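I have placed the structure first, in the form of structure tokens, so that the comments after it can refer back to it.
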Amino acid sequence: MSPTKSSWRQNLRHWWQDMKWPVLIALAIFSLVLGYVGFARYAAARGESPTFLDLLYQTLQLISMNSGSVPGPINWQLQVARFLIPALTVYTALSALALIFSKQMQVIKLWRIKDHVIICGLGRKGALLVEQFRAMDMDVVVLEQDEGNDWLEISRELGAVVLVGEASDPDSLRQARVDRAKYLIAVMGDDGANAEVAVHAEELVQGRTTGVLTCLIHIVDPQLYDLLREKELGDQNQSGYRLELFNIYVRGARLILQSVGDRGGQVTPSHILVIGMGKLG
């Protein structure tokens with residue numbers, strides 16, 4: 001599949017996720033109005049004068065397909081409404097059943113899951129991690145607080161279990177089965193929230209007798225990094241829990257310096273020009 005076609009389908013899926021219920025509500029109102037007008041015109045053609053409530057009742061009966069079968073010629077408004085209203089009803093019911101079934105399957109999967117990866121934060125870093133771990137056929141649980149995050153549906157399609165909630169909340173970590181996880185990776189945009197995840201995870205795996213939870217925390221602030229670094233070194237001998245810190249900007253800068261220094265025998269430049277003093281600079 002070409003990138004253009006894939007992007008078009010992805011944009012269409014995102015649009016439908018955002019506009020699904022407004023579109024369905026608009027179609028429902030439109031079809032009910034059509035049904036009302038259709039029954040009114042049908043009655044007028046037969047010389048009948050039903051009341052407003054009679055017409056409304058007949059229109060609502062189209063939902064359960066109890067009033068659409070009428071004798072004689074049928075005007076186009078009633079013809080469209082008597083098919084559109086039941087179709088919308090069936091689609092809505094199936095969507096609700098699919099949602100309930102999906103949630104129940106998720107509960108069952110979480111009940112059985114073991115040695116999985118928990119990813120806290122579904123930004124670009126988190127989404128890339130989900131993709132890579134799923135490519136390795138590892139079970140993945142995602143914790144993300146933003147229910148409107150575009151990466152949530154993509155993660156579900158990749159086979160990850162998605163939980164919407166605060167990753168720094170101990171209840172969310174319990175629900176993600178942190179007590180049975182192999183890796184916990186916190187890549188949220190807030191250093192404080194990432195640090196809270198590490199603290200709560202350590203508390204929740206106390207007494208773990210099998211396996212080790214490796215907690216990888218992304219920390220950008222140098223002072224907080226140094227503070228947690230002492231804890232990281234102190235946790236090396238603790239059974240059931242191991243803390244590891246990382247900073248993608250520091251590691252990225254080091255890789256750049258290594259590539260500049262290792263030029264395969266070529267002359268190394270006498271100085272390096274850095275443009276921009278962002279986190280990587």
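Using this note's numbering, the letters of the sequence shown map in sequence onto residues 1 to 281.
Where is the CB? At the ideal position from N, CA and C, for every residue including glycine.
This one's a predicted model, so the numbers in the text were calculated from it and none came from an experiment.
Check: G281 (DSSP reduced to helix, strand or coil); Outcome: Any reading at G281 is ruled out, since the residue's pLDDT is 47, under 50, leaving its predicted position unreliable.
Check: Neighbourhood of D226 by C-beta, 7 Å cutoff - its chain only, sequence neighbours within 5 removed; Outcome: none
Check: DSSP state of T4 mapped onto helix, strand, coil; Outcome: Because the pLDDT of T4 is 47, which lies under 50, any placement of that residue in the model is unreliable, and the question is left without a value.
Check: DSSP three-state assignment for V117, whether helix, strand or coil; Outcome: strand
Check: K114 to S64 span [Cα, whole Å]; Outcome: 45 Å
Check: Segments assigned alpha helix (DSSP H), at least 4 residues, entirely inside the region 108-159; Outcome: 124-135 and 151-158
Check: Range covered by the alpha helix (DSSP H) that runs through A195; Outcome: D191 to L204
Check: Extent of the continuous alpha helix (DSSP H) to which R174 belongs; Outcome: P170 to Q175
Check: Burial state of L99 (16 or more Cβ within 10 Å); Outcome: exposed
Check: Local Cβ density within 10 Å of T59, reported as buried at 16 or more and exposed below that; Outcome: buried
Check: Assigned secondary structure, A45 (DSSP; H/G/I helix, E/B strand, else coil); Outcome: helix
Check: E202, buried or exposed, once every other Cβ within 10 Å from all chains shown has been counted against 16; Outcome: buried
Check: CB contact flag (A286, C120, <8 Å); Outcome: Nothing about residue 286 can be read from this structure; the chain reaches only from 1 to 281.
Check: Residue nearest to D139 in terms of C-alpha spacing, selected from Q106, E48, G148 and M188; Outcome: Q106
Check: Residues near A43 in its chain [Cβ-Cβ closer than 8 Å; skip 5 each side]; Outcome: S49, P50 and L55
Check: Proximity below 8 Å, CB of A176 to CB of L143; Outcome: yes
Check: Spatially closest choice to W148 from H200, D171 and L163, by CA coordinates; Outcome: Here the sequence assigns Gly to residue 148, which means Trp is not the residue at that position. It is L163.
Check: Contact under 8 Å by Cβ, D221 with D191; Outcome: yes
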